[in-house]
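Visitor: One structure coming up, written as structure tokens, with questions to follow.
There are 2 protein chains.
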Amino acid sequence: MKKKVTIQDIARKANVSKSTVSRVLNKTTPVEENKRVAVEAAMKQLNYRPNAFARGLAGGQSMTIGVVTQNIGSPFYDAVTQGVISALSATEYSPIFVDGQWNRGIEATAIRTLINRQVDGLILIGGNLPAAELVTLIESKPVVFVAQRLAGWEKCCLSVDNVEAGFRATQFLLELGHREIAHIAGIMEHIDAIERLEGYRKALRQAGLTPDPKLLAEGNFSSQSGVLAVESLLARGVPFSAIFAANDEMACGARLAFYRRGIRVPEDVSIIGFDNQPASAFMTPPLTTVAQPSREMGAAAARGILQQIAGEDFQLPNFPVQIVVRESVIRRW
Amino acid sequence: MKKKVTIQDIARKANVSKSTVSRVLNKTTPVEENKRVAVEAAMKQLNYRPNAFARGLAGGQSMTIGVVTQNIGSPFYDAVTQGVISALSATEYSPIFVDGQWNRGIEATAIRTLINRQVDGLILIGGNLPAAELVTLIESKPVVFVAQRLAGWEKCCLSVDNVEAGFRATQFLLELGHREIAHIAGIMEHIDAIERLEGYRKALRQAGLTPDPKLLAEGNFSSQSGVLAVESLLARGVPFSAIFAANDEMACGARLAFYRRGIRVPEDVSIIGFDNQPASAFMTPPLTTVAQPSREMGAAAARGILQQIAGEDFQLPNFPVQIVVRESVIRRW
DNA sequence: CTGTTAGCGCCTTCAC
DNA sequence: GTGAAGGCGCTAACAG
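Here the protein sequences come in this chain order: A and B.
For the first sequence, numbering that gives the first Met the number 0 assigns the number 0 to the initial residue and increments by one for each residue that follows.
For the second sequence, numbering that gives the first Met the number 0 assigns the number 0 to the initial residue and increments by one for each residue that follows.
The following block contains the structure:
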């Protein structure tokens with residue numbers, strides 16, 4: 000075993016005291032030039048690495064911010080994660096990730112683990128713990144919720160307006176001339192799924208149409224469920240000329256189901272997805288979809304945390320969605 | 000600010016000493032039943048959470064294992080990560096992730112960050128730091144390299160035989176009757192890409208064919224590069240009836256390029272990818288691909304670390320690849 | 001079985 | 001500017 004070099008060792012080597020070493024390390028107080036150089040040299044020579052634990056213990060700051068992810072669903076979450084990473088990489092803070100797997104129990108444990116590790120802030124991406132439980136877990140640490148809409152915590156919530164997004168996606172199909180529009184919803188326990196469905200219905204109603212339950216299939220955000228949804232839809236015998244899927248994975252699955260049946264996209268049916276995941280541009284035909292600025296949202300979340308830590312007044316930005324038109328939709332004459 | 004409750008507080012409340020509390024906490028030494036109960040009750044009441052930093056400082060163990068990922072390339076890496084998470088979730092250890100982005104500098108920094116955080120072990124997924132540098136960084140901590148093949152560190156390397164995999168993929172196409180087989184390689188700095196290409200050539204030679212440089216295109220593992228590769232291949236005017244892409248993303252891009260040109264898959268050209276990423280089953284047509292047991296590899300890596308920490312003798316298992324046949328290949332008569 | 005005594009490595013007052 | 005002393009919360013010997 001290698002003996003670890005401590006602040007003490009380098010103090011001896013540089014003929015100064017521990018305090019001085021600490022000072023050059025943190026730049027908290029000016030230190031005489033030559034001493035500083037000596038210290039830095041010693042650190043280099045002995046290959047000194049400050050012990051993050053000791054620091055955290057003594058200083059009260061862990062310089063880490065905890066991120067709780069949910070690995071199910073759409074690549075949207077991955078992108079948010081990337082945003083967090085990149086925003087933090089320029090700072091002294093490191094992210095530490097724990098996965099909640101869309102399971103309340105696991106999620107709670109994940110948060111506890113993070114708190115035990117003394118994270119200085121928390122970013123929760125997705126998740127479905129009730130607000131009350133969250134409050135007790137968080138312990139009043141800085142926090143930002145991504146893709147959530149917690150009552151009483153609006154200031155800390157970062158998400159696009161999914162109702163609006165669903166509305167616009169449907170509206171888009173309506174404007175292309177479609178009248179019989181099906182929807183493949185996500186898991187109805189997720190706020191995203193609920194709101195997108197709501198937007199879908201709203202658009203239909205506004206166009207003077209009545210949402211037909213027979214044109215609604217519930218999936219679970221997986222590709223496979225998209226296949227099943229289309230098969231179910233087809234089996235019901237109610238005709239439709241377009242589909243709005245609550246995420247790209249399911250849109251993907253839907254497209255495959257049509258392929259299997261010999262139904263052409265977009266000649267026979269149009270598809271619009273959600274998330275603009277990278278692969279959607281490479282499907283055949285390329286998938287039209289609704290894009291959320293996921294990376295930016297992750298970065299914004301990280302910045303929000305940093306500002307809270309700094310005690311600054313902060314406000315999370317608003318993010319608009321955007322429809323990315325590709326060949327999977329076509330006007331139907 | 001909430002005052003933190005410490006081991007001392009609960010010791011007072013339970014009328015025992017700090018040590019006893021520590022003992023029930025870690026179950027290191029039997030403690031009298033009634034005292035134990037009292038302590039546990041006190042912990043519950045005061046909502047006690049042990050401070051991981053203090054623990055780490057005092058005990059020398061951080062109970063975290065660091066994972067360095069590279070977010071570029073194929074979803075293979077994501078799956079490995081999942082495997083690590085799941086294998087570790089049953090233990091007292093938590094993974095902490097840092098991203099190296101396939102950049103030597105960033106990767107080195109990532110490893111240093113992890114070391115500073117006193118991780119008890121390291122899992123490096125991908126990456127391309129030279130062995131020499133790695134050695135000094137690691138500081139003789141337990142380590143497992145996934146998808147690497149470091150000379151002198153064979154015992155700690157976990158990867159499939161990519162030469163063999165490339166060989167079999169090509170062989171598979173040969174057996175279908177193809178003779179003019181193109182290859183879209185990955186970034187030639189990555190060992191995976193190099194080995195897969197080598198396997199491809201080996202198979203051709205063994206079949207009595209000479210690898211034609213005009214049938215080789217270099218991509219960068221991204222979908223987009225798959226598109227470009229096919230366009231480049233087509234522009235060269237050398238006919239081919241099948242393509243082996245070094246990962247599914249590029250295979251995806253290739254498929255799109257053919258679609259754009261009106262070239263049918265698999266009627267006109269067959270495609271085989273690599274990684275068996277989930278989406279590959281949902282392409283049109285579903286993609287034939289080479290599967291690595293990625294989750295299992297991640298889990299095995301985690302177990303390897305744990306065994307090293309425990310000082311046990313360990314040996315990383317061998318993982319075979321497997322060809323998953325789907326509709327994107329067809330015999331050519 | 002249990003309380004007491006030392007630190008773990010570092011930061012932060014304090015006097016100098 | 002700089003060194004000495006104290007403490008962060010917990011674990012790990014040590015005696016009892």
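Glycine included, every Cβ here is placed at the ideal spot set by N, Cα and C.
For the 8 Å Cβ check, are there 3 or more pairs between the region 247–267 of chain A and the region 138–146 of chain A?
Guide: Counting Cβ pairs under 8 Å, fewer than three are found: no touch.
Visitor: Rounded to the nearest angstrom, what separates R184(A) and E266(B) at their Cα positions?
Guide: Position 185 of the first sequence, counting from 1, holds the residue named residue 184(A). Position 267 of the second sequence, counting from 1, holds the residue named residue 266(B). For the sequence presented, residue 184(A) should be read as Ala rather than Arg. Cα-Cα distance, rounded: 35 Å.
Visitor: Tell me whether the region 142–161 of chain B and the region 118–128 of chain B touch, counting them as touching only if at least three CB pairs, one residue from each stretch, are closer than 8 Å.
Guide: Touching, yes, given that three or more Cβ pairs across the two stretches are closer than 8 Å.
Visitor: Tell me the residue span of the beta strand (DSSP E) that contains G65(B).
Guide: Position 66 of the second sequence, counted from the start, is the residue given in the question as residue 65(B). Residues 63–68.
Visitor: On the CB-based measure, 16 or more other CB atoms within 10 Å of its CB, does T135(A) come out buried or exposed?
Guide: For the purposes of this step, residue 135(A) is identified with residue 136 of the first sequence, where counting begins at 1. With fewer than 16 other Cβ atoms within 10 Å, it is exposed.
Visitor: Check for me: the beta strand (DSSP E) holding T288(B) runs from which residue to which?
Guide: One-based indexing of the second sequence puts residue 288(B) at position 289. From DSSP, the beta strand (DSSP E) with T288(B) extends over 287–290.
Visitor: Identify the continuous alpha helix (DSSP H) that holds F52(B) and give its terminal residues.
Guide: One-based indexing of the second sequence puts residue 52(B) at position 53. Counting along the chain, the alpha helix (DSSP H) containing F52(B) begins and ends at 51–58.
Visitor: Check distances from the C-beta atoms of the region 47–58 of chain A to those of chain B and list, in chain order, the residues that come in under 7 Å.
Guide: Listed in sequence order: R48, P49, N50, A51, F52, A53, G55, L56.
Visitor: Grab me the residues of L215(A)'s own chain with a C-beta within less than 6 Å of its C-beta, minus the 5 sequence neighbours each way, in chain order.
Guide: Position 216 of the first sequence, counted from the first residue, corresponds to residue 215(A). Cβ within range, chain order: H182.
Visitor: Could you tell me whether the Cβ atoms of R325(A) and G176(A) are closer together than 7 Å?
Guide: Looking up residue 325(A) in the first sequence gives position 326. Looking up residue 176(A) in the first sequence gives position 177. No, Cβ-Cβ distance for R325(A) and G176(A) is not below 7 Å.
Visitor: Grab me the residues of I6(A)'s own chain with a C-beta within less than 7 Å of its C-beta, minus the 5 sequence neighbours each way, in chain order.
Guide: Within the first sequence, numbered from 1, the residue matching residue 6(A) stands at position 7. So the qualifying residues of the chain are K17, V20, S21.
Visitor: With a threshold of 16 other CB atoms inside 10 Å of the CB of V118(B), please say whether the residue is buried or exposed.
Guide: By one-based count along the second sequence, residue 118(B) stands at place 119. The residue in question, V118(B), is buried, as its Cβ has 16 or more Cβ neighbours within 10 Å.
Visitor: With contact counted as at least three CB pairs below 8 Å, one residue from each stretch, are the region 272–289 of chain B and the region 83–99 of chain B in contact?
Guide: Cβ pair count under 8 Å is below three, so no.
Visitor: Using the three-state DSSP reduction, which class does I329(B) fall into: helix, strand or coil?
Guide: Within the second sequence, numbered from 1, the residue matching residue 329(B) stands at position 330. In the structure shown, I329(B) sits in coil (DSSP, three-state: anything other than H, G, I, E or B).
Visitor: Using the beta-carbon count (16 or more within 10 Å), is V36(B) buried or exposed?
Guide: Working through the second sequence from its first residue, we reach residue 36(B) at position 37. Exposed, by the Cβ-count rule.
Visitor: Can you list, in chain order, the residues of its chain with a C-beta nearer than 7 Å to that of N70(B)? Leave out the 5 residues immediately preceding and following it.
Guide: Mapped onto the second sequence, residue 70(B) falls at position 71. Hits under 7 Å: D98, Q100.
Visitor: Could you confirm whether any beta carbon from chain B is found closer than 7 Å to the beta carbon of I329(A)?
Guide: For the purposes of this step, residue 329(A) is taken as the residue at position 330 of the first sequence. No, no contact with chain B.
Visitor: With a cut-off of 7 Å, does the C-beta of A123(A) fall near any C-beta of chain B?
Guide: For the purposes of this step, residue 123(A) is taken as the residue at position 124 of the first sequence. Sequence inspection shows Leu at residue 123(A); the Ala mentioned does not correspond to that position. Taking Cβ atoms only, chain B never reaches closer than 7 Å to L123(A), which makes this a no.
Visitor: For the 8 Å Cβ check, are there 3 or more pairs between the region 157–173 of chain B and the region 214–229 of chain B?
Guide: Too few Cβ pairs lie closer than 8 Å, so no.
Visitor: By Cβ distance, which residues of its chain are closer than 8 Å to V30(A), with the 5 residues on each side in sequence left out?
Guide: Start at 1 with the first residue of the first sequence, and residue 30(A) comes out as number 31. Only T19, R22, V23, V38 meet the Cβ criterion.
Visitor: So, for I304(A): in the same chain, excluding its five sequence neighbours on each side, which residues have a beta-carbon less than 7 Å away from its beta-carbon?
Guide: Here the question's residue 304(A) lines up with position 305 in the first sequence. Closer than 7 Å at Cβ, skipping near neighbours: I64, G120, I122, P141, V143.
Visitor: Chain B partners of P277(A), CB-CB under 7 Å?
Guide: Here residue 277(A) refers to the residue found at position 278 when the first sequence is read from its first residue. Result: S222.
Visitor: According to DSSP, E194(B) sits in a beta bridge with which residue or residues?
Guide: In the second sequence, residue 194(B) corresponds to position 195, counting from 1. Looking at the DSSP assignment, E194(B) forms no beta bridge with any residue, so it has no partner.
Visitor: Using a Cβ-Cβ cut-off of 7 Å, state whether Y76(A) counts as contacting chain B.
Guide: On the first sequence, position 77 is the one that residue 76(A) refers to. For Y76(A), the answer is no, since every Cβ of chain B falls outside 7 Å of its Cβ.
Visitor: Nearest CA to the CA of V15(B): which residue from N219(B), A41(B), P238(B)?
Guide: Here residue 15(B) is taken as the residue at index 16 of the second sequence, counted from 1. Taking only the C-alpha atoms, the option nearest V15(B) is A41(B).
Visitor: Count the CB pairs spanning the region 50–58 of chain A and the region 52–59 of chain B that are closer than 8 Å, and state whether there are at least three.
Guide: Flag = yes, the region 50–58 of chain A and the region 52–59 of chain B touch.
Visitor: Please classify A130(A): is it buried, with 16 or more other beta-carbons within 10 angstroms of its beta-carbon, or exposed?
Guide: Here the question's residue 130(A) lines up with position 131 in the first sequence. Exposed, because fewer than 16 other Cβ atoms sit within 10 Å of the Cβ of A130(A).
Visitor: At a CB-CB cut-off below 8 Å, which residues of chain B make contact with V97(A)?
Guide: Numbered from 1 along the first sequence, position 98 holds the residue referred to as residue 97(A). The answer, in chain order, is S93.
Visitor: Could you give the distance in angstroms between the alpha-carbon of G151(B) and the alpha-carbon of T287(A)?
Guide: Within the second sequence, the letter at position 152 stands for residue 151(B). Within the first sequence, the letter at position 288 stands for residue 287(A). For G151(B) and T287(A), the distance between alpha carbons rounds to 50 Å.
Visitor: Identify, in the order they occur along the chain, each residue of the same chain with its Cβ nearer than 8 Å to the Cβ of S269(B), setting aside the five sequence neighbours on each side.
Guide: Working through the second sequence from its first residue, we reach residue 269(B) at position 270. L172, L175, H177, S240, A241, I242, T287, S327, V328, I329, R331.
Visitor: Just reading off the alpha helix (DSSP H) that I105(B) is part of, what are its end residues?
Guide: By one-based count along the second sequence, residue 105(B) stands at place 106. Element bounds for I105(B): 103–115.
Visitor: Please report how far the alpha carbon of K201(B) lies from the alpha carbon of A192(B), in whole angstroms.
Guide: Position 202 of the second sequence, counting from 1, holds the residue named residue 201(B). Position 193 of the second sequence, counting from 1, holds the residue named residue 192(B). Roughly 14 Å separates the two Cα atoms.
Visitor: Does the Cβ-Cβ distance between F52(A) and F52(B) come in under 7 Å?
Guide: Counting from one through the first sequence, the residue named residue 52(A) turns up at place 53. Counting from one through the second sequence, the residue named residue 52(B) turns up at place 53. Against a cut-off of 7 Å, the Cβ pair of F52(B) and F52(A) comes out as a contact.
Visitor: Going by beta carbon distance, what residues of the same chain come within less than 6 Å of A206(A), once the five residues before and after it are set aside?
Guide: Locating residue 206(A) in the first sequence gives position 207, counting from the first residue. Excluding positions up to five away in sequence, the list reads L173.
Visitor: For A244(B), list the residues DSSP reports as bridge partners.
Guide: Your numbering for residue 244(B) matches position 245 in the second sequence. Per DSSP, I183(B).
Visitor: Name, going along the chain, the residues of the region 253–275 of chain A whose beta-carbon falls closer than 8 Å to a beta-carbon of chain B.
Guide: If the cut-off is 8 Å between Cβ atoms, the region 253–275 of chain A has R254, L255, Y258 near chain B.
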